[in-house]
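Undergrad: Under mature numbering (1 follows the signal peptide of the UniProt record, and there is no 0), residues -30 to -1, 1 to 189 are what the sequence shown spells out, in order. Could you have a look at this structure, given as structure tokens, before my questions?
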Amino acid sequence: MIRKRSLVRRPLVRRSAAVVASGAAALVLAACGGDGDGDGSAGHGGHSDATASASSSASASAPQGQHNAADVAFAKGMIPHHRQAVEMADLAPGRARSAEVKELAADIKKAQGPEIRTLSGWLTSWGEEVPAEGAMDHSMHGMDGMMTAEEMTELENASGKAFDTAFMEMMIKHHEGAVEMAQTEQADGAHGPAAKMAGEIITSQSAEIEQMHKLLGKD
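Structure (structure tokens):
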């Protein structure tokens, strides 16, 4: 009897072990299948979807605050550019003969003065240095339509019709440079308000370029 019990129990032990082993193998296969199926598994795909969702959410909340190197370059370049335009416009009241040139100069000053303050505020909020006033205004001459010191002196020494002509010819070149800078900002920048300002600069200064060409054509 004792021998028979021993024989009966052995198959049961072997069968239980086989069931456990089979179950473990099934678990391993299931785990491998879940990990390995990178193309369409719910587990892996779910992780990607969650990551994509998080990225999408982050980018959706970022636009107003984010900026990049193109935005910084736009602000740092446009500040001295606008300062020089205002400096040129300040010469008109006492030197220009044409009422239209005087009005144009006043419009330029009225538009670009506030933009300088806005651009400076962006740079400060981004932890960037605002371009210093003074000599730096002329340090960019030859680039983006900036006037040289000699050209500015020529304008300061002109009056009457000669001033009107020189002012408009120089300002056309100056505006064309600003439009190019604004187009670069629109193409490469990330800061929404800067792109909006760039669009306004393109629209207003392109219209002023056209106006000055017409006024020059009257002479």
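Heads up, the beta-carbon is just placed ideally off N, CA and C, and yes, glycines get one too.
Distance, Cα to Cα, M167 vs L125?
TA: Locating residue 167 in the sequence shown gives position 197, counting from the first residue. Locating residue 125 in the sequence shown gives position 155, counting from the first residue. Near 28 Å, if we compare the C-alpha coordinates of L125 and M167.
Undergrad: Check A102 in the structure and name its three-state DSSP category.
TA: Within the sequence shown, residue 102 is the residue found at index 132, counting from 1. Coil, per DSSP.
Undergrad: Hey, E99 and L185 are a contact pair by Cβ (cut 8 Å); roughly how many whole angstroms apart?
TA: Here residue 99 refers to the residue found at position 129 when the sequence shown is read from its first residue. Here residue 185 refers to the residue found at position 215 when the sequence shown is read from its first residue. About 38 Å; that fails the 8 Å criterion.
Undergrad: If you draw a straight line from the C-alpha of D60 to the C-alpha of H144, how long is it?
TA: The count along the sequence shown starts at 1 and reaches residue 60 at position 90. The count along the sequence shown starts at 1 and reaches residue 144 at position 174. Looking at the two C-alpha atoms, the distance is approximately 15 Å.
Undergrad: Tell me which same chain residues have a C-beta within less than 7 Å of the C-beta of H52, skipping the five on either side of it?
TA: Here residue 52 corresponds to residue number 82 of the sequence shown, with the count starting at 1. Cβ within range, chain order: Q82, E85, I86.
Undergrad: So what does G130 bridge to, in DSSP terms?
TA: To locate residue 130, count along the sequence shown from 1; it is residue 160. Answer is A66, bridged to G130.
Undergrad: P63: buried (16+ other C-beta within 10 angstroms of its C-beta) or exposed?
TA: Position 93 of the sequence shown holds residue 63. Using a 10 angstroms sphere on the CB of P63, the tally of other CB atoms stays under 16, which defines it as exposed.
Undergrad: Rounded to whole angstroms, what's the CA-CA distance from D134 to R67? Just pull it up for me.
TA: On the sequence shown, position 164 is the one that residue 134 refers to. On the sequence shown, position 97 is the one that residue 67 refers to. Going from the Cα of D134 to the Cα of R67 covers about 7 Å.
Undergrad: Just reading off the alpha helix (DSSP H) that M116 is part of, what are its end residues?
TA: Position 146 of the sequence shown, counted from the start, is the residue given in the question as residue 116. No alpha helix (DSSP H) contains M116, which DSSP labels as neither H nor E.
Undergrad: What's the gap between the Cα of V42 and the Cα of G187?
TA: Residue numbering aside, residue 42 sits at position 72 when the sequence shown is read from its first letter. Residue numbering aside, residue 187 sits at position 217 when the sequence shown is read from its first letter. Taking the straight line joining both Cα atoms gives about 38 Å.
Undergrad: Where does W92 sit, in a helix, a strand or coil, going by DSSP?
TA: Your numbering for residue 92 matches position 122 in the sequence shown. In this structure, W92 counts as helix in the three-state DSSP scheme.
Undergrad: Kindly indicate which three-state DSSP category Q175 falls into: helix, strand or coil?
TA: Mapped onto the sequence shown, residue 175 falls at position 205. It is helical.
Undergrad: Report all residues from its chain with a CB closer than 8 Å to the CB of K72; omit the five preceding and five following residues, and keep chain order.
TA: Counting from one through the sequence shown, the residue named residue 72 turns up at place 102. For K72, where only same-chain residues beyond five positions count, the Cβ hits under 8 Å are A62, P63, A66.
Undergrad: So is H37 buried or exposed if we call it buried at 16+ other beta carbons inside 10 Å?
TA: Here residue 37 corresponds to residue number 67 of the sequence shown, with the count starting at 1. With 16 or more other Cβ atoms within 10 Å, it is buried.
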